[in-house]
Amino acid sequence: MNKYPCFLLFSLSLVLSCSQRVPSKGNSSLFDFHPEKSSFISLRNEQDIPNKGGHIQGVQLYQKGDESYYFLTGSSANQSYLAIADVQTLKVISVQKLLDDPYRHAGGFQIIDDLLFVGIEDNVEKDKSLVLGYRILDPAKGELALLTKIKREGIYKKATAGSVAATKTKHHLWICVGNWDNHDLDVYQLALDQLGNSETIPELRFSINSEKLDRSAWVEKSWFSYQNINFFRKNESLFLAAMAEERLGGKQLLDIFVCDVEKDDLGLKKVFHQKFPKNGEAGFRWGGGVYVDETAKLKLMACGEQILNEIEVRIWE
């Protein structure tokens, strides 16, 4: 591990004035993130990154034993890619091409255990996408094994895959795919014992149109153009975190919904809403993600627009 303990990485806090704090709505005892408790780290880069015509789309923290990595998905004019950075060295160590044009736009994604699920869309025609599920083999070498694929095509913007959330129940894997601006959510199911069987693909169980959701019991009634969505579990309940930017350079928005994958509308109920001031380059417009550690402590992350000589990651705990 790094010669500096991990907790020191996250203690490099940028202290914000109390006047910047925007009160949260909902169950603050479970989810309240304090802007003044955020920290920034900078990941150095010497890899060749296909930055032209795209930007970073999502960020996830992956831990394997004593090793920790940041995974970042990116889009460009000609290809989609995955970058991996070592938390120990704070350095990008691998860049892997995912797919070529027209699947050039890798969106928000999720890692659960050693599985990674990402949607990759045609962001020009906006009429097709692929959702890929991988097993992470060796993050230090950028090695992944493709386990499953969902092919989506059809109506303009509706068949895209801008963000992906994934979770497990006892016997099944559930994949939630948000299309353009997360206007609609499609929920797929696959038996866990069929994961990796090339003849079995996830089944579309139901679709959700955001305009038709019952919002009467929500703590805040809006549905935003979310850049990233992630499932997480806390206190034996399943939640969906959704991240957005109010406007370019504006407030950062975090919504948390309690949900149930067995219900045809996911039983989505917004139980938490919070705004953060944006400081520095990292923001939910580019990439966001959540991570729950072995103690059930929740981390919230945002990253910068591009991986140049470095990229900034902001962490709330």
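When we follow the numbering used here, the leftmost residue of the sequence shown carries the number 2, and every step to the right adds one. Glycine included, each C-beta is placed from N, C-alpha and C at the ideal position. Quick caveat, the model's predicted, so the values are computed rather than measured.
By the three-class DSSP mapping on this structure, what secondary structure does residue i have?
i    : result
D256 : strand
F225 : coil
S211 : helix
L267 : coil
F233 : strand
K53  : coil
F110 : strand
L249 : coil
F32  : helix
E126 : coil
Q97  : strand
G284 : strand
K169 : strand
A218 : coil
V262 : coil
S25  : coil
K279 : coil
F8   : Note that F8 scores a pLDDT of 37, beneath 50, so its modelled location is shaky; the value from the coordinates is reported in the next line. Residue state, collapsed to three classes: helix.
S20  : Here S20 scores only 33 on pLDDT, less than 50, and its place in the model is too uncertain to base an answer on.
What does the Cβ neighbour count give for residue i, buried or exposed, with the cut at 16 atoms within 10 Å?
i    : result
D101 : exposed
Q80  : buried
E246 : buried
T74  : buried
E263 : exposed
L309 : exposed
V16  : Bear in mind that the predicted position of V16 carries a pLDDT of just 31, short of 50, making it unreliable; the figure below should be weighed with that in mind. Under this definition V16 is an exposed residue.
G268 : exposed
S238 : exposed
G155 : exposed
L62  : buried
T201 : exposed
N236 : exposed
G55  : buried
Y157 : exposed
H106 : buried
S223 : exposed
D185 : buried
A141 : exposed
S76  : buried
N229 : buried
I'd like to confirm the pairing. Which residues does DSSP put opposite residue i in its beta bridges?
i    : result
G179 : S164, L186
I316 : S40, M302
T149 : G134
E154 : K129
E204 : Q190
S238 : K235
K65  : E68
L117 : I112, Y135
R45  : K92, E311
V293 : L299
V60  : L73
Is the Cβ-Cβ distance between residue i and residue j less than 8 Å?
i    : j    : result
I151 : L145 : no
A160 : N180 : yes
L214 : E204 : no
E221 : K65  : no
K316 : S43  : This sequence places Ile at residue 316; Lys is not what is there. No, the Cβ-Cβ distance between I316 and S43 is not below 8 Å.
S84  : I50  : The sequence shown places Ala at residue 84, not Ser. Yes, these two residues count as a Cβ contact at 8 Å.
G288 : V60  : yes
F34  : L196 : no
I312 : N46  : yes
F110 : V119 : yes
V125 : P103 : yes
V188 : W175 : yes
V291 : F233 : yes
K127 : R153 : no
Starting from residue i and walking both ways along the beta strand (DSSP E), at which residues does that stretch end?
i    : result
L193 : Per DSSP, L193 belongs to no beta strand (DSSP E) and is neither H nor E.
I308 : Segment: none, I308 is in no beta strand (DSSP E) and carries neither H nor E.
Y368 : For the chain, the structure presents residues 2 to 318; residue 368 sits outside this window and is missing.
A141 : That residue, A141, is in no beta strand (DSSP E); it is neither H nor E in DSSP.
Y82  : 80 to 87
A303 : 299 to 304
Give a single yes or no on whether residue i has its beta carbon closer than 7 Å to a heavy atom of the ligand MG.
i   : result
S43 : By its list of ligands, the structure shown contains no ligand whatsoever, and the ligand MG lies outside what it can speak to.
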